[in-house]
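Participant:
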Amino acid sequence: MTPKYNKVHNRFKFNGLHFNFEDLKEVAYSLIKEGEPFEKVTGNFLIDWLNDKDFLIVNTSGSTGTPKSIKLKKQAMVNSAIATGDFFGLQPGDTALHCLPSHYIAGKMMFVRALVLGLELDFVAPVAHPIFDYDKHYDFCAMIPLQLKQAINYTQNIKTIIVGGSMVTKPLLEKIKESKSLFFETYGMTETVTHVAVRQLESKSAKSEKYFNALTNVRFEQDERKCLIIHAPKLVKDALVTNDIVDLKSETSFKLLGRYDNVINSGGVKLFPEQIEEKLQTLIKERYIIAGESDVELGEKLILIIENPADSADTILSNIQELKALDKFEIPKQIYTLEKFPETNTGKIQRKKTLKAALR
1 MTPKYNKVHN RFKFNGLHFN FEDLKEVAYS LIKEGEPFEK VTGNFLIDWL
51 NDKDFLIVNT SGSTGTPKSI KLKKQAMVNS AIATGDFFGL QPGDTALHCL
101 PSHYIAGKMM FVRALVLGLE LDFVAPVAHP IFDYDKHYDF CAMIPLQLKQ
151 AINYTQNIKT IIVGGSMVTK PLLEKIKESK SLFFETYGMT ETVTHVAVRQ
201 LESKSAKSEK YFNALTNVRF EQDERKCLII HAPKLVKDAL VTNDIVDLKS
251 ETSFKLLGRY DNVINSGGVK LFPEQIEEKL QTLIKERYII AGESDVELGE
301 KLILIIENPA DSADTILSNI QELKALDKFE IPKQIYTLEK FPETNTGKIQ
351 RKKTLKAALR
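Following full-length UniProt numbering, the numbering of the sequence shown begins with 1 at its first residue and continues without gaps.
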């Protein structure tokens, strides 16, 4: 029997204490009245979760467009929590560390998973370097790459860590390889109630996977642009057409190639900025993006934009030209620099605004 959104699992704990449905309302009011700013946000979420409505209004991050508010069914969020629990084998009484902000869907879903699955949830400040009990055993945790980068040396007692929200960089992947925990990169969005697919990363306990694999009751197909279409009837009513170009291995697995709206057509050659950016990670330590600039001969020419680089553009270009991993079409025709990249509220680079600022 599928749990309902208006029930709280009898094994649920919040910061070491049991709370039932009515008790949580008092907790929420207390967080709003007396809590730190991040706790007030959590209190407001709990008030919304515990009311009589069957939906929540949730904000998107704005990483691929203008931030917006969308309506999510609470039962869909419950279904997402169950799918995550099934995939990772989470059981009532398992411990979970919550260090994400409750503004957005990823942070909200950590609470929902605990409420539905009966997890013992420890909630800490959602800062860049999460501070928690490093000696305590946790079965499950979700982090963004920046948090994992800062806390990687303190995660030895966390069994499973999911990481998403932005690209997992090569330096971070190398650090993950030295850990005994299990790590999974996630794929999803607010509209799909967080992740609908995960990809295991290499660590001392597991080999890496090339493809993202679907959670239960999720399947994929492609449109004529080779973009991913998501069918997840327990999460979203209609098929969701994305702008993510993929290599579709099967209806339950795919490799992510890049965003359709980021693809650069340079002299008839289609270039994926995300793939080129991955190859450049060994050379450039600062933040950067690959983009396209209008060009009379090529239609678009490949350019590199770097945030406040330590080296000169000429030095960077010279190093890039010697990089064997790049094809000749993947070498930037020009390098631009900016003091500061435009960001979303969650710290993601806003590509279109960055490109516009660089070309002024």
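Glycine residues also receive a C-beta, built at the ideal position from the N, C-alpha and C atoms.
G258 and F272 - do their beta-carbons sit closer together than 7 Å?
Facilitator: Numbered from its first residue, the sequence shown carries residue 272 at position 272. Numbered from its first residue, the sequence shown carries residue 258 at position 258. Yes, the pair counts as a contact, with Cβ atoms nearer than the cut-off.
Participant: If you drop the 5 nearest sequence neighbours on each side, which residues of the same chain put their C-beta closer than 6 Å to that of F184?
Facilitator: Along the sequence shown, read from residue 1 onward, the residue named residue 184 stands at position 184. Taken in chain order, the residues that qualify are I162, V198, Q200.
Participant: What number of angstroms, rounded off, separates the C-alpha of W49 from the C-alpha of K353?
Facilitator: Along the sequence shown, one-based indexing puts residue 49 at 49. Along the sequence shown, one-based indexing puts residue 353 at 353. Answer to the nearest angstrom: the Cα atoms are 35 Å apart.
Participant: Going by C-alpha to C-alpha distance, which of R351, K136, V168 sits closest to M143?
Facilitator: As a first step, residue 143 must be located in the sequence shown, where it is residue number 143. Checked all of R351, K136, V168; the closest Cα to M143 is V168.
Participant: According to DSSP, is V124 helix, strand or coil?
Facilitator: By 1-based counting over the sequence shown, the position of residue 124 is 124. Here V124 sits in coil by DSSP.
Participant: Can you name, in chain order, every residue of its own chain whose Cβ lies under 6 Å from the Cβ of L355, other than the five neighbours on each side?
Facilitator: The residue given as residue 355 occupies position 355 in the sequence shown. If we look at L355 and ignore the five residues flanking it on each side, its Cβ neighbours are A291.
Participant: Sort out for me which residues DSSP pairs L248 with in a bridge.
Facilitator: Here the question's residue 248 lines up with position 248 in the sequence shown. Paired residue(s): F254.
Participant: Given a cut-off of 7 Å, decide if K170 and Q281 are closer than it, judged by their beta-carbon atoms.
Facilitator: As a first step, residue 281 is located in the sequence shown; it is residue number 281 there, counting from the start. As a first step, residue 170 is located in the sequence shown; it is residue number 170 there, counting from the start. Cβ distance < 7 Å, so Q281 and K170 count as in contact.
Participant: Quick one: measure Cβ to Cβ for T190 and I105, integer angstroms, because I've assumed they're closer than 8 Å.
Facilitator: Here residue 190 is taken as the residue at index 190 of the sequence shown, counted from 1. Here residue 105 is taken as the residue at index 105 of the sequence shown, counted from 1. About 5 Å; that satisfies the 8 Å criterion.
Participant: Quick one: what's got a C-beta closer than 6 Å to Q147's C-beta in the same chain, skipping five residues either side?
Facilitator: Translated into positions along the sequence shown, residue 147 becomes position 147. Around Q147: P130.
Participant: Bridge partners of M189, per DSSP?
Facilitator: The count along the sequence shown starts at 1 and reaches residue 189 at position 189. Paired residues: T194.
Participant: Does the beta-carbon distance from I264 to E300 come in below 7 Å?
Facilitator: In the sequence shown, residue 264 corresponds to position 264, counting from 1. In the sequence shown, residue 300 corresponds to position 300, counting from 1. Yes, they are a contact pair.
Participant: Roughly how many angstroms separate the alpha carbons of K68 and T60, rounded to a whole number?
Facilitator: On the sequence shown, residue 68 is found 68 positions in, with the first residue counted as 1. On the sequence shown, residue 60 is found 60 positions in, with the first residue counted as 1. Cα to Cα, the separation comes out at about 6 Å.
Participant: Suppose you measure from the CA of V234 to the CA of E251; what does that come to, to the nearest Å?
Facilitator: In the sequence shown, residue 234 corresponds to position 234, counting from 1. In the sequence shown, residue 251 corresponds to position 251, counting from 1. Sequence inspection shows Lys at residue 234; the Val mentioned does not correspond to that position. Their backbone Cα atoms lie some 17 Å apart in a straight line.
Participant: Please determine, among K175, P92, L304, S179, the residue with the shortest C-alpha to C-alpha distance to I158.
Facilitator: Position 158 of the sequence shown, counting from 1, holds the residue named residue 158. Here the closest residue by C-alpha is S179.
Participant: Cβ atoms of L115 and V8: under 7 Å apart, would you say?
Facilitator: Locating residue 8 in the sequence shown gives position 8, where the first residue counts as 1. Locating residue 115 in the sequence shown gives position 115, where the first residue counts as 1. Yes, the Cβ-Cβ distance between V8 and L115 is below 7 Å.
Participant: Where E126 and P101 are concerned, what is the direct C-alpha to C-alpha distance, given to the nearest angstrom?
Facilitator: Position 126 of the sequence shown, counted from the first residue, corresponds to residue 126. Position 101 of the sequence shown, counted from the first residue, corresponds to residue 101. The identity of residue 126 in the sequence shown is Pro, whereas the question assumes Glu. If I take the Cα positions, the gap works out to 5 Å.
Participant: Of all the options G165, Y138, Y134, F132, which has the alpha carbon lying nearest to the alpha carbon of P145?
Facilitator: Your numbering for residue 145 matches position 145 in the sequence shown. Among G165, Y138, Y134, F132, the Cα nearest to that of P145 is on G165.
Participant: Counting only runs that start and end within the region 35-109, where is the beta strand (DSSP E) found for 3 or more residues in a row?
Facilitator: 55-59, 69-73, 95-98, all fully within the region 35-109.
Participant: For the alpha helix (DSSP H) that contains A357, what are its first and last residues?
Facilitator: Looking up residue 357 in the sequence shown gives position 357. 351-358 is the extent of the alpha helix (DSSP H) around A357.
Participant: Taking T194 as the reference, give the member of A76, Q321, E22, Y288 with the closest Cα.
Facilitator: Position 194 of the sequence shown, counted from the first residue, corresponds to residue 194. The candidate whose alpha carbon is nearest that of T194 is A76.
Participant: Which partner residues of R199 appear in the DSSP bridge assignment?
Facilitator: By one-based count along the sequence shown, residue 199 stands at place 199. Answer is E185, bridged to R199.
Participant: State the DSSP-derived secondary structure class of V27, mapped to helix, strand or coil.
Facilitator: Looking up residue 27 in the sequence shown gives position 27. If DSSP states are grouped into helix, strand and coil, V27 belongs with the helices.
Participant: Quick one: is H137 buried, meaning 16 or more other Cβ sit within 10 Å of its Cβ, or exposed?
Facilitator: Here residue 137 refers to the residue found at position 137 of the sequence shown. Its Cβ having fewer than 16 others within 10 Å, H137 is exposed.
Participant: Given 6 Å as the limit, tell me if Y187 has its C-beta closer than that to any heavy atom belonging to the ligand MN.
Facilitator: Ligands in the displayed structure: none, and consequently the ligand MN is not present.
Participant: Residue range of the alpha helix (DSSP H) that E277 falls in?
Facilitator: Walking along the sequence shown from the start, residue 277 turns up at place 277. 273-279 is the extent of the alpha helix (DSSP H) around E277.
Participant: Looking at C-alpha atoms only, which residue of N319, A325, Y288 is the closest neighbour of E307?
Facilitator: Translated into the one-based positions of the sequence shown, residue 307 becomes position 307. Nearest option by C-alpha distance: Y288.
Participant: Taking the C-alpha atoms as reference points, what is the distance between D314 and F329?
Facilitator: As a working mapping, residue 314 is identified with position 314 in the sequence shown. As a working mapping, residue 329 is identified with position 329 in the sequence shown. If I take the Cα positions, the gap works out to 18 Å.
Participant: Roughly how many angstroms separate the alpha carbons of Y5 and V241, rounded to a whole number?
Facilitator: Locating residue 5 in the sequence shown gives position 5, counting from the first residue. Locating residue 241 in the sequence shown gives position 241, counting from the first residue. Using only the alpha carbons, I get a separation of about 27 Å.
Participant: Please list the terminal residues of the continuous alpha helix (DSSP H) segment that includes I320.
Facilitator: Position 320 of the sequence shown, counted from the first residue, corresponds to residue 320. Here the alpha helix (DSSP H) through I320 covers 313-321.
Participant: Since I316 and I331 are thought to touch, with beta carbons under 8 Å apart, how far apart are those beta carbons, to the nearest angstrom?
Facilitator: In the sequence shown, counting from the first residue as 1, residue 316 sits at position 316. In the sequence shown, counting from the first residue as 1, residue 331 sits at position 331. Not confirmed; about 11 Å, so no contact.
Participant: Go through its chain and collect everything with a Cβ distance to K340's Cβ below 8 Å, but skip five positions before and after it.
Facilitator: Taking the sequence shown and counting its residues from 1, one reaches residue 340 at position 340. Answer for K340: E307, N308, listed in chain order.
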